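Below is one structure, written out as structure tokens; the observations come after it.
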Amino acid sequence: MPNIENNLQIVLLTRSKLEFFDPTQKKVFPFVFPQNLISDLEIINKNELETQMTLFVNFYKIRPASMIIILAKDVCFELEIPETDDANMQNQVNNFLYYLPFEDSIHKIYKQIKGYSLIAVNHELIETFKFIFSKLGF
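The sequence shown: position 116 = 119 (our numbering), numbered continuously.
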């Protein structure tokens with residue numbers, strides 16, 4: 004059985020590009036998002052993005068393997084919430100999520116030493132890349 008730690012591919016997803024680290028080739032391959040495919044963290048053309056990602060993977064001869072996707076800070080929206088009662092916290096969470104610049108978000112609340120951190124991202128963006136990579140055999 005292959006050692007997964009040596010074959011784990013790493014994808015860094017930023018606001019303007021994707022950086023794909025292939026441990027087999029020991030290289031990082033950048034994929035800059037064309038404005039007609041992704042703009043302001045919104046997927047503009049899912050089908051064309053899938054086509055371009057397929058060409059990207061084939062051009063660099065990246066073989067499917069286990070991967071981890073890391074979201075850069077510029078892809079995430081963050082709110083620090085001080086210690087408060089449950090009703091007030093829920094109100095802050097709902098208000099923050101309501102004003103995000105996309106329709107559907109995925110979020111996580113992390114307990115900190117003092118208070119909480121709420122991190123949210125565009126759900127469609129994450130699901131689109133998961134779908135494309137899965138379809139490509141990753």
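We put the beta carbon where it would ideally sit given N, CA and C, even for glycine. From a predicted model like this one, the values you see are computed outputs, not experimental measurements.
Review point. Excluding the five sequence neighbours on either side, which residues of its own chain have a C-beta within less than 7 Å of the C-beta of S2, listed in chain order?
Key: Limits of the chain in this structure are 4 at one end and 141 at the other, which puts residue 2 out of reach.
Practice item. Pull up the distance between the alpha-carbon of L128 and that of I46, whole angstroms please. Key: 6 Å
Review point. First and last residue of the alpha helix (DSSP H) that includes Y101?
Key: 89-101
Check your understanding: Nearest-angstrom Cα distance between F32 and H110?
Key -> 28 Å
Check your understanding: If you draw a straight line from the C-alpha of V60 to the C-alpha of N91, how long is it?
Key -> In a straight line, the C-alpha of V60 is about 47 Å away from that of N91.
Check your understanding: Looking at the structure shown, is Q12 part of a helix, part of a strand, or coil, going by DSSP?
Key -> strand
Check your understanding: By a C-beta neighbour count over all protein chains shown, 10 Å radius and 16 as the cutoff for buried, is L121 buried or exposed?
Key -> buried
Review point. Leaving out five residues before and five after M4 in sequence, what residues of the same chain have Cβ atoms less than 6 Å from its Cβ?
Key: Legend: pLDDT at M4 = 41, less than 50; position of this residue unreliable, value from coordinates given subsequently. In its own chain, leaving out the 5 sequence neighbours on each side, no residue places its CB closer than 6 Å to the CB of M4.
Review point. Taking the C-alpha atoms as reference points, what is the distance between V35 and F132?
Key: 14 Å
Review point. Going by the CB atoms, is the gap between L15 and P67 shorter than 9 Å?
Key: For P67 and L15, no; Cβs fall outside 9 Å.
Check your understanding: Do you know how far the Cα of L44 is from the Cα of F105?
Key -> 9 Å
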